[in-house]
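Engineer: Please read through the structure below; I'll follow up with questions.
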Amino acid sequence: MDRPRASAQPAASTSRVPTVRSSPVIKRSISAATAGTHSQTGSVPIDHIQEPNKQALSHNLQIKNALTELLSDVRTKGSDQGSRCLQNILMENEREMRENRRKSLSGRDAK
Numbered sequence: 001m002d003r004p005r006a007s008a009q010p011a012a013s014t015s016r017v018p019t020v021r022s023s024p025v026i027k028r029s030i031s032a033a034t035a036g037t038h039s040q041t042g043s044v045p046i047d048h049i050q051e052p053n054k055q056a057l058s059h060n061l062q063i064k065n066a067l068t069e070l071l072s073d074v075r076t077k078g079s080d081q082g083s084r085c086l087q088n089i090l091m092e093n094e095r096e097m098r099e100n101r102r103k104s105l106s107g108r109d110a111k
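Numbering follows full-length UniProt numbering, in which position 4 of the sequence shown is assigned residue number 4; successive positions increment by one, without gaps.
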């Protein structure tokens, strides 16, 4: 008795199996170029923010973008003192932005 021949199965491909070293593709929802038109969380457009807060947010975002670009500059990376100073200013700006956001949110809740 002959057994019926099994049809040939294609070999498993390893080209699509994720490995430990493979990194997933990450798509950004917002870039630094469009960060000026949204709040830090990206959920509230600047148009809906009160005028004084809008100006402060715009100013802080411009400072943040400029300092980030300066930190990425090759000349700054070579100097420890320059890099450290820029990092401190950037962190101070981040704290100020968070404080302003808290004030803005608490002002909205009080209404």
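The beta carbon of each residue, even a glycine, is placed where N, CA and C say it ideally should be.
Below 8 Å on the Cβ atoms is my contact criterion, and I expect ASN93 with LYS54 to pass it. Report the Cβ-Cβ distance as a whole number of Å.
Structural biologist: That pair is no contact at about 17 Å.
Engineer: Quick one: using the 10 Å Cβ neighbour count with 16 as the cut-off for buried, is SER105 buried or exposed?
Structural biologist: Reading off the sequence, residue 105 comes out as Leu, not Ser. Its Cβ having fewer than 16 others within 10 Å, LEU105 is exposed.
Engineer: Candidates ARG95, ARG102, ARG108, LEU90: which alpha carbon is nearest THR68's?
Structural biologist: Comparing Cα positions, the closest option is LEU90.
Engineer: Do you know how far the Cα of GLN81 is from the Cα of LEU57?
Structural biologist: LEU57 and GLN81: Cα-Cα distance of roughly 28 Å.
Engineer: Assuming GLN87 contacts LEU71 (C-beta within less than 8 Å), just tell me the rounded distance between them.
Structural biologist: 7 Å between Cβ atoms; contact.
Engineer: Helix, strand or coil: which one does DSSP assign to residue 113?
Structural biologist: This structure cannot speak to residue 113, because the chain is shown only from 1 to 111.
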